[in-house]
Amino acid sequence: MAFVLLPVSLLLAALLLVPEVFGDFMAYQIGLYLIYGIAAQGIGFLWGKTGVLPLGQALFFGLAAYATAITLRGDSGLIIDLTLAVAVLAAIAVFAFVLAALIFRGRNESGPYFSLITLALVMIAEQIAGTATTLTGGFNGMSGYASLGNLDPFGGFYYVIVAATVAVSLLLLVLNRLPVNLIARAVADNEPRLQLLGFPTHVIKGAAFAFSALIAALAGGLFASHQGIVTPTSMGFGLSAEMVILTAVGGRFHVLGPLIGAVVVGWASAELRDSFPYWELLMAVAFILVVLKAPGGIAELLESGYRRVRPARPGKRSEPVTAPATKAVDAAGPLRFDDVRLKIGVVCILNGVSFETPPTGIVSIIGPNGAGKTSTLNTITGNRRTTGGRIALGSRRIDSRPPYRALRSGIGRKMQVPSVFFSMSVSQNLSIAMMANRARLVDLFRPSTFAWRSRSLSALLKNPSVPLQEELVQPVEHLPQGHRQFLEYAMTIAAEPRVLLLDEPCAGLSLEETALMTRLVRAFQAETGGLVIVIEHDMSIVEAISDKVLVMHLGQVLAFDTFDKVRVNPEVQAVYAGGTK
Amino acid sequence: MSSVLLLNLAWQISTLALVALGLAIVFGKLRIMNMAHGEFVMIGAYAPVITSSLGLPGWLQVPVCLLSVGLVAFVLERTIIRHLYGRMFDSLLATWGIAILLRETVELLFGRGYQSVTPPISGTLSLLGTEYPAYRIAVIAGIVLGFGALAWWNARSKVATRIKAMVGNPDLAEAVGINTARLSAGAFIFGCCTAGLAGLILAPTIRIEPMMGLDYLIRSFFALVVGGLGSLEGLGIGAGIIAGTQSVLGALANQTYGYLAVLTLSILFLWLKPDGIRSSTR
Amino acid sequence: MLKTTARLPSSAAMCLAIATTAAQADIRIGVLVPDSGPAGLFGPSARNSAILAANEINANGGINGEPIELVFADVGVPPAEAAQAALRLWRGEGVQAFVGMHDSAVREALVGRFGGQVPYVYTPVYEGNACAPGLYVTGETPSQQLAPVIPYLMEHEGVSRWYLIGHDYNWPRDTNALARGYITEAGGEVVGEEYVPFTVSEFDSSLQRIRESGADAVLITLVGGGSVGFNVSFAGFGLDDQAIRLGTLIEENTLAGIGAENANRLFSSSGYFGSIETEAATAFAASYDAAFGADAPALNDLGESTYEGLMLLAALANRAGSLSVEAMDAAAEGTTWSTPRGDNTLVGRHMAQTIYLADGTGGVFNVVAAFPNVASDEACAN
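Going line by line, the protein sequences match chains X, A and R. Offset between the first sequence (1-based) and this note's numbering: plus 220. Offset between the second sequence (1-based) and this note's numbering: plus 16. Offset between the third sequence (1-based) and this note's numbering: plus 4.
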């Protein structure tokens, strides 16, 4: 808890000292910077963790500001004002959630398109606010109302702002220590992997966006009360860009970074504006330098300075807790392809693939490059939408479902190139995997969820030949390829899928590691009695593990039989005579 | 009525395509979200101001424009932009800073006041049964010819393919002998120069002041995402939709509705068809 | 370089130190001008005019015998930041009165924050009807700029069919609402009215509509860059043959941007032009040139308005014998003073002044008519 209480109490003490030391006016000034800083904290949360950059955050800030101004103008008493404020905040959060979830549905990127949509939205809002004079007062704005609870903007209201600042910071710091933080960061790190672990990332991004919008709206409400006027600039593109700059300069990866950015930039520009004619040039250069040289902003610089004095100690790892059972999956039965087709652009990748696996056992898929092996797996997990035919697992049709539904259908997948959460430690990677198919919403807000380890995963980790050390604190991007292969394998089986899809699990492994991997796969199949589908090039591995072999060529099934029968199949020999091993 | 509307449409679409061309290269090809794009248009528009204040003859406007814009682009590429390839959001932030930097510098040099530029061709021409400014007709014709030439060159030259290869896989491109540093610098400078040229061409028909760039930035971005990144055809279609909507709605209803419709249309495209109408990238 | 002359080094510590000692110092007056943002163009001339006014006030014995000192702040920023800048001067640097040249949104924010506790003179052209304790206005309102000018133009230029175009916000809409009345009263008709968002810089469809409407006069309430872009295209399309133009915010900088070849039959109505040839105005222009050199930013209505504001403040405070809002409010009505604009009277907290109509043909404003002592219809009940 010290991690949370120390910065928050320091912050609180510093903010409470401002009016005592610098006087009421300075407190009024700092109050405005804090309001912007709160909104920027919301941007920092969204952008720093999920990688989604909002360019129109003033939309929510301004909506709440106008709503507050209208409410306060009604002069209906504090209780009604506060009730309305809660309703407005809730409505804004719901709106933001629906907007983002709808836009993000069906794509797994956070690229510039969403940012440009938020930009266009705020431009529309600014235009309407400036034109709808009867509702908003137009360009001249809406003013002439008392502040919330009739508090003096130069006195009592400062403490309301301080309370909000501290509350938001506390909330964000606490969230940082909870499993939900890992999930949010995982979105930016490796969204496709998170989807294959069963997390609907568009909902996560929607929730993160709604949360940041809520914080922006809270700040907007405070702004209206603090300033006594709301104009279209409070809902404009300029303010939105300003908030992003504050976040970037202060540091988007730290809770207090955006606050620091808001106070430093706000104070510096107020000081310099009237005393240094080139202040805008100076600010622009400083900003470019931050982007180029210190992407973590002021907060990161402060932290690295602090770390030089006091190096980070590795935290105590909590004792593993037995994870709850996975959610029941009704996925019995064979996997059946009926004339499945996949066309991307004008290229036909799969041309009518049909086969039916046994309900259990290990099936290998072989075939020359371009045969459609990985694409076949892609259609099973929904990473590619089929353009014809049907895929069924048991009696249930599974094609054309989004990837995040695959695990709920009992399907787990390891990718061709190890796909893990590269910026996180081994332990964090495993914690996310353990939440897959197990965690309920509340579990994401319980610290004990970090320590979940299933019996089979613990057994795997105890195996001295498996190169996975939970003690390592550095991000797994520094691990060798082979270690990442085992990590991804461990993450995939952690969710205990009924159908395990492995895409070249032995690529890049040494001979010993290859032997270990094949042993593990066989043991997993024997233990769970499930179905394993492996893409493999090495015929000795194929021979050693396969119950049946599916040979593909040019997007079609060439043969599907036991290894011995496939080996003597003349068609298969003809394809492989080309020289591929 | 309809003939003027047609000419206005041709003017709006062709000038937007011209202004957005540089961004199509810098954003579409190099993946630099260049928020300073409008400022290069602005610098180009100042070229006639430079020549007339130095007392140079009018035909030097083009070389002065290309030289000044090219020099600024070169310096910025070497010092800032080259660190930003592959960092799209960082490129957005840094170029936002660059935009302020360029505005302030131009203000220091030329002041904040409005500049006025005389068109090389004045008066109106009778075309399609209506009077239309002669300079605009010349510009429309020039842009159509220029884009034709560009499409011809684009189809034959390997440069576009090389840039695509470089952005798709810089290491591989380097391995097959593409000098990626020089190629991307060249593409960036070329993109900025076309923006500057657009500014020079538009100068006699618009207001000229240090803040003018923002007008051109946002519309260029929306034209690109609506049309689809990475092809000249997409750029033309995007410019057509954005400028066409503004122009037609502006004529039939009013400019505010036209503006709101452009934004709404952009949102719908970004949401439902994020790769645009034409896209060569996926 | 002039930017720094009237400024104090400021830091948090300095503010506090000054605030405590302000009582013994000169009377400090806050002058709020835009240095940044779209209106930043007018910052330098507004500063210079204010400095001239302060020099003249001090030469004539200051305010109630005490010399005054100017403190500038940049208010070319959104209202929240502008209000901070003003409060900084008021609460931090002991400023006792304000003169402001900025947009209406900033004025509304300031009126709210000042709460009638400090005298505040608002100087630019605006839509009128701003009334609050301690608020005095020198800027022209639409009725002043239009009531005498529209009938004059209709008579002397023989025009009757008006097209109204403006940016989409309060000032143009209020102006045009009044203009309709003056036009019909004088026997003309309004053949079109439209508003353009600030973000739109293409006016093709508007120009087409003007052509089709058969208008022979266009009232322009576009501001700044939009006005330049519109007028350049207007002449480019040859519409200057079809219609005269009248602007209520076309000053010297805007005219320079429009360019001489595009300014044919472009009229502007305003309380001040750099080219007014009255004795007071030429003297003012001469001292402006002497103080700031020939390269100084051109004199214009908005820039010169800070001079008006400071002179009003001095006249009013001297008449009231104090800088307290109560005393000044009580003494306000009927205050008279003379400036480059002519002889002015405060009526309903607004300045009754001479209105000039100038023709910009050839790229320079030539005053063609002057209407003395025009009072505002959008003034306060007092």
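We treat Cβ as the ideally placed atom computed from N, Cα and C, and that holds for glycine. Predicted, not measured: the structure shown is a model, and the values here were computed from it.
Quick check: the region 695 to 708 of chain X against the region 563 to 583 of chain X, are there 3 or more CB pairs under 8 Å?
-> no
Would glycine 128 of chain R count as contacting chain A if we go by Cβ distances under 9 Å?
-> The sequence position of residue 128 of chain R within the third sequence is 124, counting from 1. One detail in the question is off: residue 128 of chain R reads as proline in this sequence, not glycine. False, the Cβ-Cβ gap to chain A never drops below 9 Å.
Check whether the Cβ atoms of leucine 117 of chain A and valine 505 of chain X lie closer than 9 Å to each other.
-> Within the second sequence, numbered from 1, the residue matching residue 117 of chain A stands at position 101. Within the first sequence, numbered from 1, the residue matching residue 505 of chain X stands at position 285. For leucine 117 of chain A and valine 505 of chain X, yes; Cβs fall inside 9 Å.
Which ranges does the alpha helix (DSSP H) cover as unbroken runs of at least 4 residues, wholly within the region 612 to 690 of chain X, from first to last along the chain?
-> 646 to 655, 675 to 682
Consult DSSP for histidine 773 of chain X and reduce its assignment to one of helix, strand or coil.
-> In the first sequence, residue 773 of chain X corresponds to position 553, counting from 1. Looking at histidine 773 of chain X - three-state DSSP - the assignment turns out to be strand.
Leucine 2 of chain A (DSSP reduced to helix, strand or coil) = Here chain A comprises residues numbered 17 to 298, so residue 2 of chain A is not present and cannot be evaluated.
Bridge partners - glycine 170 of chain R, DSSP secondary structure assignment = Within the third sequence, numbered from 1, the residue matching residue 170 of chain R stands at position 166. Partner(s): R:Tyr199, R:Thr225.
By DSSP, does glycine 367 of chain R sit in helix, in strand, or in coil?
-> In the third sequence, the residue the question calls residue 367 of chain R occupies position 363. Note: glycine 367 of chain R maps to helix in three-state DSSP.
Could you tell me which chain R residues have their CB closer than 7 Å to the CB of leucine 252 of chain X, listed as they occur along the chain?
-> Sequence index remark: in the first sequence, residue 252 of chain X carries index 32 (1-based). Simply Ala84, Gln88.
What's the C-alpha gap between alanine 653 of chain X and leucine 555 of chain X?
-> Indexing the first sequence from 1 puts residue 653 of chain X at position 433. Indexing the first sequence from 1 puts residue 555 of chain X at position 335. Looking at the two C-alpha atoms, the distance is approximately 24 Å.
Any idea what DSSP makes of glutamate 189 of chain R, helix, strand or coil?
-> For the purposes of this step, residue 189 of chain R is taken as the residue at position 185 of the third sequence. If DSSP states are grouped into helix, strand and coil, glutamate 189 of chain R belongs with the helices.
From R:Leu314, R:Thr339, R:Ala324, R:Ala260, pick the residue whose C-alpha is nearest to that of asparagine 304 of chain R; which is it?
-> Residue numbering aside, residue 304 of chain R sits at position 300 when the third sequence is read from its first letter. Among R:Leu314, R:Thr339, R:Ala324, R:Ala260, the Cα nearest to that of asparagine 304 of chain R belongs to R:Ala260.
Are the C-beta of alanine 482 of chain X and some C-beta of chain A separated by less than 9 Å?
-> Here residue 482 of chain X is taken as the residue at index 262 of the first sequence, counted from 1. Answer no: the Cβ-Cβ gap between alanine 482 of chain X and chain A never drops below 9 Å.
Does the beta carbon of methionine 104 of chain A come closer than 9 Å to any beta carbon on chain X?
-> Within the second sequence, numbered from 1, the residue matching residue 104 of chain A stands at position 88. Yes, because at least one Cβ of chain X sits closer than 9 Å to the Cβ of methionine 104 of chain A.
9 Å Cβ cut-off: residues of chain R touching tryptophan 112 of chain A = Translated into positions along the second sequence, residue 112 of chain A becomes position 96. The premise fails here: tryptophan 112 of chain A is roughly 16 Å from chain R at the closest Cβ pair, so nothing lies under 9 Å.
Does the distance from the CB of proline 38 of chain R to the CB of glycine 350 of chain X come in under 9 Å?
-> Here residue 38 of chain R corresponds to residue number 34 of the third sequence, with the count starting at 1. Here residue 350 of chain X corresponds to residue number 130 of the first sequence, with the count starting at 1. For proline 38 of chain R and glycine 350 of chain X, no; Cβs fall outside 9 Å.
Please go through the same chain and pick out, in chain order, the residues whose beta-carbon is closer than 7 Å to the beta-carbon of valine 141 of chain R, but skip the five residues on each side of it.
-> Residue numbering aside, residue 141 of chain R sits at position 137 when the third sequence is read from its first letter. These residues qualify, in order along the chain: Tyr126, Ala134, Arg353, His354, Met355.
To the nearest whole angstrom, what separates the beta carbons of threonine 301 of chain A and valine 20 of chain A, a pair I think is in contact under 8 Å?
-> This structure leaves residue 301 of chain A out entirely; chain A is present only between 17 and 298.
Run of the alpha helix (DSSP H) containing lysine 563 of chain X, from where it starts to where it stops | Along the first sequence, one-based indexing puts residue 563 of chain X at 343. Where lysine 563 of chain X is concerned, there is no enclosing alpha helix (DSSP H), although the beta strand (DSSP E) it sits in stretches over 555 to 564.
Separation of leucine 304 of chain X from alanine 715 of chain X, as counted between CA atoms | Here residue 715 of chain X refers to the residue found at position 495 when the first sequence is read from its first residue. Here residue 304 of chain X refers to the residue found at position 84 when the first sequence is read from its first residue. Spanning the two alpha carbons is a distance of roughly 44 Å.
Would you report the Cα separation of tyrosine 62 of chain A and glycine 367 of chain R, rounded to the nearest angstrom?
-> Along the second sequence, one-based indexing puts residue 62 of chain A at 46. Along the third sequence, one-based indexing puts residue 367 of chain R at 363. Roughly 20 Å separates the two Cα atoms.
In chain order, which alpha helix (DSSP H) runs of at least 4 residues are fully inside the region 417 to 451 of chain X?
-> 421 to 447
Exposure of lysine 682 of chain X, with buried meaning 16 or more beta-carbon neighbours within 10 Å | Taking the first residue of the first sequence as 1, we reach residue 682 of chain X at position 462. The residue in question, lysine 682 of chain X, is exposed, as its Cβ has fewer than 16 Cβ neighbours within 10 Å.
So, are the CB atoms of glutamine 262 of chain A and glutamate 198 of chain R less than 9 Å apart?
-> Locating residue 262 of chain A in the second sequence gives position 246, where the first residue counts as 1. Locating residue 198 of chain R in the third sequence gives position 194, where the first residue counts as 1. No, the Cβ-Cβ distance between glutamine 262 of chain A and glutamate 198 of chain R is not below 9 Å.
Starting from tyrosine 126 of chain R, trace the beta strand (DSSP E) both ways and give me its first and last residue.
-> Mapped onto the third sequence, residue 126 of chain R falls at position 122. First-last of the beta strand (DSSP E) with tyrosine 126 of chain R: 124 to 126.
Roughly how many whole angstroms lie between the Cα atoms of arginine 238 of chain R and proline 146 of chain R?
-> Along the third sequence, read from residue 1 onward, the residue named residue 238 of chain R stands at position 234. Along the third sequence, read from residue 1 onward, the residue named residue 146 of chain R stands at position 142. In the sequence as presented, arginine is not what sits at residue 238 of chain R; that position holds phenylalanine. Rounded to the nearest angstrom, the two C-alpha atoms are 23 Å apart.
What are the residues of the region 329 to 362 of chain X that lie near chain R, defined by any Cβ-Cβ distance shorter than 7 Å?
-> Gln347, Gly350, Thr351, Thr353, Gly358, Phe359, Asn360, Gly361
Indicate whether at least one CB of chain A lies closer than 9 Å to the CB of methionine 455 of chain X.
-> As a position in the first sequence, residue 455 of chain X is number 235, starting the count at 1. For methionine 455 of chain X, the answer is no, since every Cβ of chain A falls outside 9 Å of its Cβ.
Per-residue DSSP class, three states only, for cysteine 208 of chain A = As a first step, residue 208 of chain A is located in the second sequence; it is residue number 192 there, counting from the start. Helix, per DSSP.
Is there contact here, the region 353 to 361 of chain X with the region 458 to 478 of chain X, by at least three beta-carbon pairs under 8 Å?
-> no
For glycine 517 of chain X, the first and last residue of its enclosing alpha helix (DSSP H) | Position 297 of the first sequence holds residue 517 of chain X. Run containing glycine 517 of chain X: 517 to 529, per the alpha helix (DSSP H) assignment.
Are three or more beta carbon pairs between the region 468 to 477 of chain X and the region 316 to 336 of chain X nearer than 8 Å?
-> no
Quick one: give me the first and last residue of the alpha helix (DSSP H) that serine 389 of chain X is part of.
-> Translated into positions along the first sequence, residue 389 of chain X becomes position 169. Counting along the chain, the alpha helix (DSSP H) containing serine 389 of chain X begins and ends at 376 to 396.
State the start and end residues of the unbroken alpha helix (DSSP H) segment that holds proline 790 of chain X.
-> In the first sequence, counting from the first residue as 1, residue 790 of chain X sits at position 570. Taken as a continuous stretch (DSSP letters only), the alpha helix (DSSP H) holding proline 790 of chain X covers 790 to 796.
Can we say the region 259 to 275 of chain X touches the region 490 to 505 of chain X, given the rule of at least three CB pairs closer than 8 Å?
-> no
Reducing DSSP to helix, strand and coil, say where asparagine 360 of chain X ends up.
-> Within the first sequence, residue 360 of chain X is the residue found at index 140, counting from 1. Residue state, collapsed to three classes: helix.
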